[in-house]
Amino acid sequence: MGKFIVFGEEFLSRLREEVNLPELVGRQIKLKRSGRSFVSLCPFHEDKTPSFHVNPEKNTFRCYGCPAAGDAIEWMKRAHHLSFYDAVVALAQECGIPLPAGELEESEDKDLRKRLAKYYQVLKDAARLYEEGLEKNPSGRSYLETTRGLSKVTIKKFGLGVVSTGVVRLLSSAGNETLLGSGLAAKNDAGIYDRFRQRVMLPIVNEGGNLVGFAGRSLIAKPEKAPKYLNCPETEIFHKGKELYGLHFAKPAIRKAKLAVMVEGYFDVICAHQAGDERVVAPMGTAVTNQQMRRLLVHTDNITFAFDGDRAGRRAALSAAAVVLDEIKDGQTARFLFLPEGEDPDSFIRKFGIEAWFSAVDGADQLSTFLGNYIAHKLDRSVPEQQVLAANKAKAILARIKKALLFRHALRLKFEELVSVPLS
Ligand SMILES: [Zn+2]
Numbered sequence: 002m003g004k005f006i007v008f009g010e011e012f013l014s015r016l017r018e019e020v021n022l023p024e025l026v027g028r029q030i031k032l033k034r035s036g037r038s039f040v041s042l043c044p045f046h047e048d049k050t051p052s053f054h055v056n057p058e059k060n061t062f063r064c065y066g067c068p069a070a071g072d073a074i075e076w077m078k079r080a081h082h083l084s085f086y087d088a089v090v091a092l093a094q095e096c097g098i099p100l101p102a103g104e105l106e107e108s109e110d111k112d113l114r115k116r117l118a119k120y121y122q123v124l125k126d127a128a129r130l131y132e133e134g135l136e137k138n139p140s141g142r143s144y145l146e147t148t149r150g151l152s153k154v155t156i157k158k159f160g161l162g163v164v165s166t167g168v169v170r171l172l173s174s175a176g177n178e179t180l181l182g183s184g185l186a187a188k189n190d191a192g193i194y195d196r197f198r199q200r201v202m203l204p205i206v207n208e209g210g211n212l213v214g215f216a217g218r219s220l221i222a223k224p225e226k227a228p229k230y231l232n233c234p235e236t237e238i239f240h241k242g243k244e245l246y247g248l249h250f251a252k253p254a255i256r257k258a259k260l261a262v263m264v265e266g267y268f269d270v271i272c273a274h275q276a277g278d279e280r281v282v283a284p285m286g287t288a289v290t291n292q293q294m295r296r297l298l299v300h301t302d303n304i305t306f307a308f309d310g311d312r313a314g315r316r317a318a319l320s321a322a323a324v325v326l327d328e329i330k331d332g333q334t335a336r337f338l339f340l341p342e343g344e345d346p347d348s349f350i351r352k353f354g355i356e357a358w359f360s361a362v363d364g365a366d367q368l369s370t371f372l373g374n375y376i377a378h379k380l381d382r383s384v385p386e387q388q389v390l391a392a393n394k395a396k397a398i399l400a401r402i403k404k405a406l407l408f409r410h411a412l413r414l415k416f417e418e419l420v421s422v423p424l425s
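Written as structure tokens, this is what we have:
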């Protein structure tokens, strides 16, 4: 374990704040939502009725049948029989928060805090410059207002902006370290330079409402000149596998509707929110990750994925299904919507309207139907060779399900019927 670290109070409170306690506890025991909190049979005493409560707002737990109560660190101590020190180390690893290095004095923890505060500040300053940039940039404005059909209110709500030649020079008083550490600047032999140029800028706000990075959509028509979308790199405050675009705005609607809708693109999110569906979120321009899925399942038991109706969409659906199978628990559902060929949620909503979107989402395929179609694809049950191929696909799917035993059982029966061979 190396040197013994003295944890500063600031580091500990950051840990307590950043951890998602319902998600953490939910990895060990099955939690059910009840009003604003989560309940379960208590894992620390012989419990007949669910006395164990987790409060997602305070990030604390409490049992009404025994003395178990506390924060995330206390949970790690009790659930894994760890000392305070080991509980903190394990928790930091779980949350992906780097441990303070070496034998740490409180002053070094303050340094970290200060450094992160500088990142947050410079990102805010950049966001303001990007917003101002939009006023002066007719092609950026026309892209957002005409091509994407976004209103001024929506543009303001999502903090959209434009960068033309860059902002790094204007922000030089922040210092190179901060500009690099925040992800705004990159570095080559000649010095530091703007990572984002000639782009529409989309601020990425984390679940707690803090600006942690940007995504940029190229305004250059030739795709070979610049990638269409560019994100901030991983920084100490931006982790693309963890964040969900739009979640901060979507959370209340998701909780109310008991359903989240996951789309692929940033503008799909923005367009859906503008049109009246605020349940919509997206991963960060990549395939959905397990962390993102767990983050979303804290807020709802039901997720509907919307994919473009092309081959790339089918591929994306398969990789999303794999993550769902890893994470889903009995009682949770995932559904899959495939839009007509050539449409994404943005174009679909603008062409057919929000009511058509709502009914498309309502009519999405169940996960089991989607998987069944995948297995039955080109399957001729009179040909044993094909049956074996299909049976192997089915077994691979069943093997991924770890947290939903009833669902796995029911799915196996369905697959056996489909393939006409036993799968156990
Ligand atoms: Zn208890």
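For the sequence shown, the working numbering gives the first residue as 2, with consecutive numbering after it. Even for Gly, the Cβ is constructed at its ideal location relative to N, Cα and C.
- For residue 327, the closest C-alpha among the options 125, 71, 404, 285 is that of 404.
- Residue 336 sits away from residue 293, with the two beta carbons spaced by 8 Å or more.
- Membership of residue 353 in the alpha helix (DSSP H) is indicated by the continuous run 346-353.
- Residue 305 is bridged by DSSP to 262, 336.
- Between residue 123 and residue 73, the gap from beta carbon to beta carbon reaches 8 Å or more.
- The three-state secondary structure of residue 204, taken from DSSP, is strand.
- The beta strand (DSSP E) runs of length 3 or more contained entirely in the segment 50-96 are, from start to end of the chain, 53-56, 61-64.
- Linking residue 402 to residue 395 through their CA atoms gives a straight-line distance of about 12 Å.
- 196 is the residue among 196, 190, 171 whose C-alpha sits nearest the C-alpha of residue 182.
- Straight-line measurement puts the Cα of residue 365 at about 14 Å from the Cα of residue 373.
- Contact check for residue 185 against residue 127 passes: the beta carbons are separated by less than 8 Å.
- By the beta-carbon neighbour count (other beta carbons within 10 angstroms, threshold 16), residue 253 is exposed.
- Between the alpha carbons of residue 320 and residue 313 lies a gap of roughly 11 Å.
- Judged by the Cβ position, residue 45 qualifies as a neighbour of ligand 1 at the 7 Å threshold, a heavy atom of the ligand being closer than this.
- Closest option to residue 203, judged by alpha-carbon separation, among 148, 400, 97, 163: 163.
- Here the distance from the Cβ of residue 35 to the nearest heavy atom of ligand 1 is not below 7 Å.
- By the 16-neighbour rule on beta-carbons within 10 angstroms, residue 14 is exposed.
- Around the beta carbon of residue 154, fewer than 16 other beta carbons sit within 10 angstroms, so the residue counts as exposed.
- The Cβ-Cβ distance between residue 168 and residue 220 does not fall below 8 Å.
- The C-alpha of residue 158 lies about 57 Å from the C-alpha of residue 383.
- The Cβ atoms of residue 359 and residue 338 lie no closer than 8 Å to each other.
- Judged by the Cβ position, residue 318 fails to qualify as a neighbour of ligand 1 at the 7 Å threshold, every heavy atom of the ligand being at least this far.
- Taking the CA atoms as reference points, residue 23 sits about 47 Å from residue 191.
- Its chain contains 308 as the residues whose beta carbon lies nearer than 6 Å to that of residue 317, once the 5 sequence neighbours on both sides are disregarded; these appear in chain order.
- Taking C-beta atoms under 8 Å as the contact rule, residue 64 and residue 85 fail to qualify, at a distance of about 20 Å.
- For residue 195, the enclosing beta strand (DSSP E) has its first and last residue at 192-195.
- Taking C-beta atoms as the reference points, residue 300 and residue 258 fail to come closer than 8 Å.
- In this structure, the CA atom of residue 424 is about 15 Å from the CA atom of residue 387.
- Partner residues in a beta bridge of residue 111, as assigned by DSSP, do not exist.
- Put simply, the backbone Cα of residue 111 is about 15 Å away from that of residue 98.
- Set against 7 Å, the gap from the CB of residue 66 to the closest heavy atom of ligand 1 is smaller.
- Taking each of 416, 356, 324 in turn and checking the Cα distance to residue 369, the smallest one comes out for 416.
- Contact between the segment 241-252 and the segment 172-179 is not established, with fewer than three Cβ pairs separated by less than 8 Å.
- By the C-beta density criterion, residue 54 is buried, having at least 16 other C-beta atoms within 10 angstroms.
- Runs of the alpha helix (DSSP H) lying entirely within the segment 359-390 and spanning at least 4 residues, in chain order: 368-377.
- DSSP lists 200 as the beta-bridge partner residues of residue 164.
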